[in-house]
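**Student:** I have a structure here, written as structure tokens, and I will follow up with some questions on it.
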Amino acid sequence: MSSFFDRLKNKFSKKEELVEDLISIEEYEELVESQLITEKFKKGLKKSRDNFSNALNNLISSYREINEEFFDDLEELLIQSDVSYNTVLDLVDYLKEESQRKNLKDPSDLKDMIIEKLVEIYMEGTSKVDLNINNDGLTIYLFVGVNGVGKTTSIGKLAYNFRQEGKKVMLAAGDTFRAGAIDQLAVWAKRSGVDIVKSHEGADAASVIFDAIQSAKAKGVDVLLCDTAGRLQNKNHLMKELEKIVRIIKREIPDAPHEVLLTIDATTGQNGILQAKTFKEVSDVTGVILTKLDGTAKGGIVIAIKKELDIPVKLVGLGENINDLEVFDPEQYIYGLFYTENKDSENDKLEENIDN
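Structural data, given as structure tokens:
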């Protein structure tokens, strides 16, 4: 925790100092890219930041002293922000102990302590988690998630990102169950400028993905992104279908799939967590794509995913544009969630409290 916000400030906010000690064009481009991503996180988390900060400030100002009722209201506020229940209980217990130990009376004395502890809870044992890439051949990602959470859109955006990196990408339309799913993925293939392997509605999904693997091998594709059906009404059928798909993938590429990415809609809150638990039961999920993070005022869901599911968030949707799917960086998330727009003195105060 030492120098946490100071380090983030140096890393993300000092634009005017970027050029001074540069060694190469590559370094300059990396720094500019980092600044662009920082702005995306700050903008994408504005609803969550404003909601949490305003609610916390209102709660603190409504109490003249720290008491049990204050902690009850704080607990409710955090739960409403989609911070997981167990995490909230641990946090409130910690605050009670610290307030007694330090003989704190004024609720305002707890504000920075709350933020500091949330930072600590998320950052503990966490680092930036990159997507797994097969450097010796075809990389295969399998996408799972219920209908309507932005799974197909995320596939299209990730395909675009890989294309921008110079990789040859192909899509496999493995969701043959939902009406319109194949056509929707075909539209994204066109938008992102990549090939697609598809069949007809009701076709065997595993066969479609098998055909896609053969085509990808023949065409020298770098990354194959495979869509799957998102129905949860029949868990056994879903499990069998995913098992069959994974079995076929492993038969063709033994160390694949290199990622099984579960898509969760951030705006669905705890319902998204429940869906995630079900998919975790039926597939070996390796990472989460959290969509519509810019559309929710409850950014605490990121903490809930980590604490309740123990699955890393690997990608986040921060807007509607094709380039608004970003690799999740916990430091960017924390900075974007607690950064105070145009209030450097408040940021400095927060940094000072966290550093100490």
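In the numbering used here, each residue carries its 1-based index in the sequence shown increased by 671.
All C-beta atoms, glycine included, are put in the ideal place defined by N, C-alpha and C.
#1: According to the neighbour-count rule (16 or more other Cβ atoms, all chains shown, within 10 Å of its Cβ), is lysine 773 buried or exposed?
#2: In three-state terms, what does DSSP make of aspartate 854?
#3: Whole angstroms are fine: how far does the CA of alanine 947 sit from the CA of glutamate 768?
#4: Around the Cβ of glutamate 991, are there at least 16 other Cβ atoms within 10 angstroms (buried) or fewer (exposed)?
#5: Flag this pair as yes or no: are the beta carbons of leucine 856 and glycine 901 separated by less than 9 Å?
#6: Is the beta carbon of threonine 1090 less than 9 Å from the beta carbon of aspartate 882?
#7: For serine 831, report the span of its alpha helix (DSSP H) as first-last.
#8: Considering only the alpha carbon of each residue, which of Lys906, Ile880, Asn942 lies closest to arginine 918?
#9: With a CB to CB cut of under 6 Å and the five nearest residues on each side skipped, what residues in its chain are close to alanine 927?
#10: Which residue or residues does DSSP assign as beta-bridge partners of aspartate 866?
#11: Measuring CB to CB, does leucine 933 end up less than 9 Å from leucine 896?
#12: What is the DSSP secondary structure of isoleucine 982, reduced to helix, strand or coil?
#13: Taking 9 Å as the cut-off, decide whether the C-beta atoms of glutamate 914 and threonine 899 are in contact.
#14: Cβ atoms of lysine 838 and aspartate 893: under 9 Å apart, would you say?
#15: Let me check understanding here. Comparing Cα to Cα, which of Ile750, Glu787, Val973 lies closest to tyrosine 765?
#16: Excluding the 5 residues preceding and the 5 following arginine 862 in the sequence, name in chain order all residues of the same chain whose CB lies nearer than 8 Å to its CB.
#17: Check for me: the beta strand (DSSP E) holding leucine 989 runs from which residue to which?
**Tutor:** Let me lay it out:
#1: Translated into the one-based positions of the sequence shown, residue 773 becomes position 102. Looking at its Cβ environment, which holds fewer than 16 other Cβ atoms inside 10 Å, lysine 773 is exposed.
#2: The sequence position of residue 854 within the sequence shown is 183, counting from 1. DSSP places aspartate 854 in helix when its eight states are reduced to three.
#3: The residue given as residue 768 occupies position 97 in the sequence shown. The residue given as residue 947 occupies position 276 in the sequence shown. Distance between the alpha carbons of glutamate 768 and alanine 947 is about 33 Å.
#4: As a position in the sequence shown, residue 991 is number 320, starting the count at 1. Under this definition glutamate 991 is an exposed residue.
#5: Within the sequence shown, numbered from 1, the residue matching residue 856 stands at position 185. Within the sequence shown, numbered from 1, the residue matching residue 901 stands at position 230. No; because the gap between Cβ atoms is not below 9 Å, this pair is not in contact.
#6: With the chain represented from 672 up to 1027, any question about residue 1090 goes unanswered, as that position is not in the structure.
#7: Working through the sequence shown from its first residue, we reach residue 831 at position 160. Per the sequence presented here, residue 831 reads as tyrosine, with serine not at that position. That run of the alpha helix (DSSP H) goes 822-835.
#8: Translated into positions along the sequence shown, residue 918 becomes position 247. The option with the nearest alpha carbon to arginine 918 is Ile880.
#9: Translated into the one-based positions of the sequence shown, residue 927 becomes position 256. If we look at alanine 927 and ignore the five residues flanking it on each side, its Cβ neighbours are Ile811, Ile920.
#10: For the purposes of this step, residue 866 is taken as residue 195 along the sequence shown, with counting starting at 1. The partner list for aspartate 866 (beta bridge, DSSP) reads Met841.
#11: For this step, residue 933 is matched to residue 262 along the sequence shown. For this step, residue 896 is matched to residue 225 along the sequence shown. No, the Cβ-Cβ distance between leucine 933 and leucine 896 is not below 9 Å.
#12: In the sequence shown, the residue the question calls residue 982 occupies position 311. Secondary structure of isoleucine 982 (DSSP, three-state): coil.
#13: One-based indexing of the sequence shown puts residue 914 at position 243. One-based indexing of the sequence shown puts residue 899 at position 228. No, Cβ-Cβ distance for glutamate 914 and threonine 899 is not below 9 Å.
#14: On the sequence shown, residue 893 is found 222 positions in, with the first residue counted as 1. On the sequence shown, residue 838 is found 167 positions in, with the first residue counted as 1. Contact check for aspartate 893 against lysine 838 passes: the beta carbons are separated by less than 9 Å.
#15: Residue mapping note: residue 765 aligns to position 94 of the sequence shown, counting from 1. The residue among Ile750, Glu787, Val973 with its C-alpha nearest the C-alpha of tyrosine 765 is Glu787.
#16: Position 191 of the sequence shown, counted from the first residue, corresponds to residue 862. Same-chain partners within the cutoff: Gly827, Tyr831, Ile993.
#17: Position 318 of the sequence shown, counted from the first residue, corresponds to residue 989. Neither: leucine 989 is in no beta strand (DSSP E) and is coded neither H nor E.
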